[in-house]
Amino acid sequence: MKYWFILMLLSLHLVQARAEIEYRDFKQPEQEQAYQSLINELRCLVCQNQTIADSNADLAKDLRRQVYEMLQQGKSRQDVVNFMTERYGDFVMYKPAFKLKTFLLWLGPVLFLFVGLAVVWTLRAKGASADKELSAAEREKLKKILEQGDDA
Amino acid sequence: MKYLLPLLLFIALSVFLAIGLKLNPREIPSPLIDKPAPAFTLPILATPDRSLSQTDMKGKVWLLNVWASWCVSCREEHPLLNQLARLNKVTLVGLNYKDQADAAQGWLAKQGNPYTVSVMDSEGRTGIDYGVYGVPETFVIDKRGVVRYKHTGPIQPGDLEKLFLPLIQQLEAESA
Chain H
2 MKYWFILMLL SLHLVQARAE IEYRDFKQPE QEQAYQSLIN ELRCLVCQNQ TIADSNADLA
62 KDLRRQVYEM LQQGKSRQDV VNFMTERYGD FVMYKPAFKL KTFLLWLGPV LFLFVGLAVV
122 WTLRAKGASA DKELSAAERE KLKKILEQGD DA
Chain L
15 MKYLLPLLLF IALSVFLAIG LKLNPREIPS PLIDKPAPAF TLPILATPDR SLSQTDMKGK
75 VWLLNVWASW CVSCREEHPL LNQLARLNKV TLVGLNYKDQ ADAAQGWLAK QGNPYTVSVM
135 DSEGRTGIDY GVYGVPETFV IDKRGVVRYK HTGPIQPGDL EKLFLPLIQQ LEAESA
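Chains H and L, in that order, give the protein sequences. Each residue of the first sequence is one higher than the last, beginning at 2 in the numbering used here. Each residue of the second sequence is one higher than the last, beginning at 15 in the numbering used here.
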């Protein structure tokens, strides 16, 4: 039973490893780095939650080829990014450029953090004001409860 | 006041979720709208020794429909394209995307050929230039060669009357 389970896990891994089998030849290691980082940042538009490095869709293959060819032609990283966003829009980048159209996307989380902090702040301020000394009657009641239990 | 804030938050959240439900995540706005149609020079499907370029269409309002014989949803929209062709109101150019010529020819013979002309983009490079990610797609291009509208996915019944024909009429009225 245990061996079957291990075998199953291993076979799952085989499927994963098959995703990228293309052989790409680069003249400089920097080019290969640029290629790897680009295909891991570009979104596959057919299967939207995968990068083009992860996806086996036809379009992802074509886009990988496009990235490779552009780098081979000596184009820069930014050239490739511009090429893709001119055609597919900002959505194609997992990390879109910071601009007017995308500022909410980038600053949204920080904004929510501040809203959360503001809420905590006001709640704490309210709590502090309620933190007063007990009155004589309340102290009497508390003493009674502590001595006799809650059902008194 | 104690209950007002959670209620408001709940309403705000509901509104966002309701909008989110209505949005189609597959519909990615094309950055090509109001930009010149990307250049191509591609062999014509029927006569591969001749080619067609987007500049040949200058002065005309035309539709570029991306299709393929392997594309299932293309079959769904095809009767509507045939219907559009019968109206004879607009030039319909087909971009045969990542397909084989004989398969494409056979498909047209069977389903009917609404296209004035189809060009072959066998490697999908023109497709990339047009930001194609889900066949079928339809671009409406004006007399100056500017992309005015992009429709992703199959054209639905009613789209012709509600969307395409009024737009074509409007673009026809513009000067070249």
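Backbone N, C-alpha and C define an ideal beta-carbon position, used for all residues, glycine too.
Using a Cβ-Cβ distance cut-off of 9 Å, determine whether residue i contacts chain H.
| i | result |
| --- | --- |
| residue 63 of chain L | no |
| residue 90 of chain L | no |
| residue 151 of chain L | no |
| residue 137 of chain L | yes |
| residue 17 of chain L | no |
| residue 146 of chain L | yes |
Which chain H residues are close to residue i, counting only those with a beta carbon under 7 Å from its beta carbon?
| i | result |
| --- | --- |
| residue 163 of chain L | The premise fails here: residue 163 of chain L is roughly 15 Å from chain H at the closest Cβ pair, so nothing lies under 7 Å. |
| residue 248 of chain L | Outside the modelled stretch of chain L, which goes from 15 to 190, sits residue 248 of chain L, for which no answer is possible. |
| residue 143 of chain L | 88 |
Residues of chain L with CB closer than 9 Å to the CB of residue i, please, in chain order.
| i | result |
| --- | --- |
| residue 75 of chain H | By Cβ distance, chain L contributes nothing, its closest Cβ being about 19 Å from residue 75 of chain H, past 9 Å. |
| residue 49 of chain H | 39, 40, 42 |
Does DSSP classify residue i as helix, strand or coil?
| i | result |
| --- | --- |
| residue 128 of chain H | helix |
| residue 40 of chain L | coil |
| residue 162 of chain L | strand |
| residue 103 of chain H | coil |
| residue 69 of chain H | helix |
| residue 108 of chain L | strand |
| residue 43 of chain H | strand |
| residue 47 of chain L | coil |
| residue 65 of chain L | strand |
| residue 150 of chain L | coil |
| residue 79 of chain L | strand |
| residue 155 of chain L | strand |
| residue 56 of chain L | strand |
| residue 173 of chain L | helix |
| residue 38 of chain H | helix |
Starting from the C-beta of residue i, find all residues in its chain whose C-beta is less than 6 Å away, skip the five residues before and the five after it, and write them out in chain order.
| i | result |
| --- | --- |
| residue 107 of chain H | 99 |
| residue 61 of chain H | 45, 53 |
| residue 113 of chain L | 82, 83 |
| residue 62 of chain L | none |
| residue 95 of chain L | 128 |
| residue 191 of chain L | For chain L, the structure presents residues 15 to 190; residue 191 of chain L sits outside this window and is missing. |
Does any residue of chain L have a CB that is nearer than 9 Å to the CB of residue i?
| i | result |
| --- | --- |
| residue 90 of chain H | yes |
Kindly list, in the order they appear in chain L, the residues whose Cβ is closer than 7 Å to that of residue i.
| i | result |
| --- | --- |
| residue 46 of chain H | 42, 147 |
CB-CB under 8 Å to residue i, same chain, minus the five flanking residues each way: which ones, in chain order?
| i | result |
| --- | --- |
| residue 135 of chain H | 143 |
| residue 181 of chain L | 154, 162, 163 |
| residue 48 of chain L | 160, 161, 162 |
Just to confirm, does residue i get its C-beta within under 8 Å of one of the non-hydrogen atoms of the ligand PLP?
| i | result |
| --- | --- |
| residue 149 of chain H | Of the ligands one can find in the structure shown there are none, so the ligand PLP has no counterpart to examine. |
Give me the subset of the stretch 30-53 of chain L whose CB atoms are less than 9 Å from a CB atom of chain H, sorted by chain position.
39, 40, 42, 43, 44, 45, 46, 49, 52
Report the residues of the stretch 54-82 of chain H with a CB closer than 8 Å to any CB of chain L, ordered along the chain.
59, 60, 63, 64, 67
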